[in-house]
Each structure stands twice: as structure tokens, then as C-alpha cells.
Ligand code: GUN
């Protein structure tokens, strides 16, 4: 039976370290960091994610403003809002929760956020930094996955990693980060032929496919580390589940992340780290 990787516990420890750090900021810098989260519309998953981000800020002592904008807002109006927050010296971190309504270009929104406030690490300048190994903000979920591996004592060096999914948010950046950690990386996706033959080679299997329970025991090498980035609804029961069929895979895997309680909390903990990093960068306090 696999070790269950407790993302909640690791994220709690990251957050309590951050809380101590943030408590020292008013005397050092005169204020605490301020994160602004914009939600457009009422996408149910976004409502939950945004609320969890606000709660994490409260727990750590980071000032948080959640702006809820009507789903009918125009692209120009949203871009104007972002521009004004970019210029607000009292705002250190800024993110717009995705997905956005169809009338708004996500690419334009991501590009419009000041790269120095881009706590998501989605801005083209930060993406370029990741691929070119120059200073950049790391995207939260891939950063959280790498931290989970490190905290669990798993060194990707020399291992075979397989990533399912090639999104800008998770698949591509986590593949690059595993590569930089000296894993040999294979990316697969919906057009991959005979996916089980590929995934069975994996010592580390990262699943960010967005399809409920798609990874089953026959796709997993015995003893592999399985990281489930999914946040899905089980079509049968309607309950929350991941991209990995946990009950089938857990007996085969060496270690596995649960859903909920695995990658999700780590994403939020890393968002909090990025917010502190943006704040400290602004205060000229990093590289000390
Ligand atoms: N939607 C799903 N994941 C994310 C994320 O990490 N950041 C933002 N802004 N939107 C998301």
C-alpha cells in the first residue's frame, strides 16, 4: 500500500513559517503584503478556489482583497481595473482567477498584469524566465508539486517522470521543473497512443489531465510516485475526486497524493509564498 502524501500537513507547515515571517514585516517594512484576487462571474470551482485563497491570507496575516466582477464585464473594463491595480503601490500581488467568460481574452489579461505582481507566474516574462533559467516567479501548482516531492524525500534526479497534460498552468511548467531537477521527462496527452505503455515507465507520474479517475492501476508501475493534480466530480457519485482512481492505484503505487488534501493545499501555500516574494522584491529585501 502506498504512502499517502499529506499535502495539507506540508502546506500547514509552510503557512505557519510564512505567518511568523509576515508578523515581523510591520516593524521592518511598515506594513504587511497585500494580495488582490479578481474573480469574474460565478464559476463554482472559482468561487471555492478564491475563497480558499482569501482564507489562507487571513490565516497568515496577509492583507487580502477579493474583487468580484460581473460575468458580463467587458474586456476593456477588466483591463482598466488591472491597470489601476498595477499602478497601486499598496498592492503587492495580483491575480485574476481563470477561467474567464468567453468575451475576455485570457492571454490579454495575463499579459496585462504587472510581471512583478504576477503571483501566479503566468505572465509571458515569468514563463520565459522558467524556460530560460533567468529570475522569475514560479507558477504555484508546479512549485507545490516539486515541494511535495522534496518534502517526501523523493529526488527526481535520474528518474523517469511522465506528465499527463500539457497546459500552460501545470503540464508544461511541471515538466520543465522536473527536467531541471534532472529527471528524464515524457509528456503525454489526449492524442497519445497506448498511454498505459508510456505511463508504466514512470517512476514519477504527474496527472493533470482534467478527467475524473482516468489513471487506473494497470497504468502505474509498482512503487511509482503518483501526483494527482485533478479536481473533478465523480460522474457516478458526484463527489470530489482526482484524475487518478485512488482506490485502484493506491495499492500499486509507492506514494500517492489524495484528492482533496494533496496538491490543492500546496498550490495555495505556494501562492502565499509568491505573494511574500513579490512584497519582499518590492521592498528590495530579497537576495539578502
Ligand atoms: N484556475 C485554476 N487554477 C488557477 C490558478 O492557479 N490561478 C488562476 N489565476 N486561476 C486558476
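Numbering (my numbering), first residue to last: 4 to 291.
C-beta atoms are modelled at their ideal positions from N, C-alpha and C, and glycine is treated no differently.
Name, in chain order, the residues that DSSP records as bridge partners for residue 37. Beta-bridge pairing links residue 37 to 66.
Determine the contact status of residue 211 and residue 174, defining contact as a CB-CB distance below 8 angstroms. Cβ distance < 8 angstroms, so residue 211 and residue 174 count as in contact.
Between the C-alpha atoms of residue 50 and residue 124, what's the straight-line distance to the nearest angstrom? Rounded to the nearest whole angstrom, the C-alpha separation of residue 50 and residue 124 is 21 angstroms.
Applying the 10 Å Cβ sphere with the 16-neighbour rule, what's the burial state of residue 296? Missing from the structure shown is residue 296; the chain here goes from 4 to 291 and no further.
Determine the direct distance from the alpha carbon of residue 93 to that of residue 10, and round the result to whole angstroms. Looking at the two C-alpha atoms, the distance is approximately 32 angstroms.
Can the beta-carbon of residue 78 be found closer than 8 angstroms to that of residue 107? Result yes, Cβ atoms of residue 78 and residue 107 sit closer than 8 angstroms.
For the beta strand (DSSP E) holding residue 188, just list the boundary residues, first then last. Note, residue 188: beta strand (DSSP E), 187 to 191.
Compute the Euclidean distance between the alpha carbons of residue 40 and residue 105, then round it to the nearest angstrom. When rounded, the distance between both Cα atoms is 20 angstroms.
With distances taken Cα to Cα, identify the nearest neighbour of residue 1 among 88, 222, 172 and 95. Since the first and last residues shown for the chain are 4 and 291, residue 1 lies out of range.
Give me, in chain order, the residues of the same chain whose beta-carbon lies closer than 6 angstroms to that of residue 72; leave out the 5 immediate sequence neighbours on both sides. Taken in chain order, the residues that qualify are 43.
Residue environment, residue 160, which counts as buried when at least 16 other CB atoms sit within 10 Å: Around the beta carbon of residue 160, fewer than 16 other beta carbons lie within 10 angstroms, which makes this residue exposed.
Could you tell me if the beta carbon of residue 167 falls within a distance shorter than 7 angstroms of some heavy atom in ligand 1? The answer is no for residue 167.
Which residues end up in the neighbourhood of ligand 1 when you take C-beta atoms closer than 5 angstroms to any of its heavy atoms? Those residues that bring their Cβ nearer than 5 angstroms to a heavy atom of ligand 1 are 98, 100, 101 and 123.
Output needed for residue 285: all residues of its chain with C-beta closer than 8 angstroms, excluding positions within five of it in sequence on either side, in chain order. Excluding positions up to five away in sequence, the list reads 95 and 119.
Straight-line CA distance for residue 197 to residue 220? Going by the C-alpha atoms only, they are around 15 angstroms apart.
Kindly indicate which residue of 149, 29 and 64 has the alpha-carbon position closest to the one of residue 184. Among 149, 29 and 64, the Cα nearest to that of residue 184 belongs to 149.
With a Cβ-Cβ cutoff of 8 angstroms, do residue 63 and residue 25 count as a contact? Yes; because the gap between Cβ atoms is below 8 angstroms, this pair is in contact.
Might you give, ordered along the chain, the residues of its own chain that have their beta carbon closer than 7 angstroms to the beta carbon of residue 56, omitting 5 neighbours on each side? Counting only Cβ-Cβ distances below 7 angstroms, and skipping sequence neighbours, we find 40, 271 and 274.
Please go through the same chain and pick out, in chain order, the residues whose beta-carbon is closer than 7 angstroms to the beta-carbon of residue 8, but skip the five residues on each side of it. If you ignore the 5 residues before and after residue 8, its C-beta comes within less than 7 angstroms of the C-beta of 151, 155, 258, 259, 260 and 265, all in its own chain and listed in chain order.
What's the call for residue 36, buried or exposed, on a 16-neighbour Cβ count within 10 Å? Sixteen is the threshold: when 16 or more other Cβ atoms of the shown chains lie within 10 Å of the Cβ of residue 36, as they do, the residue is buried.
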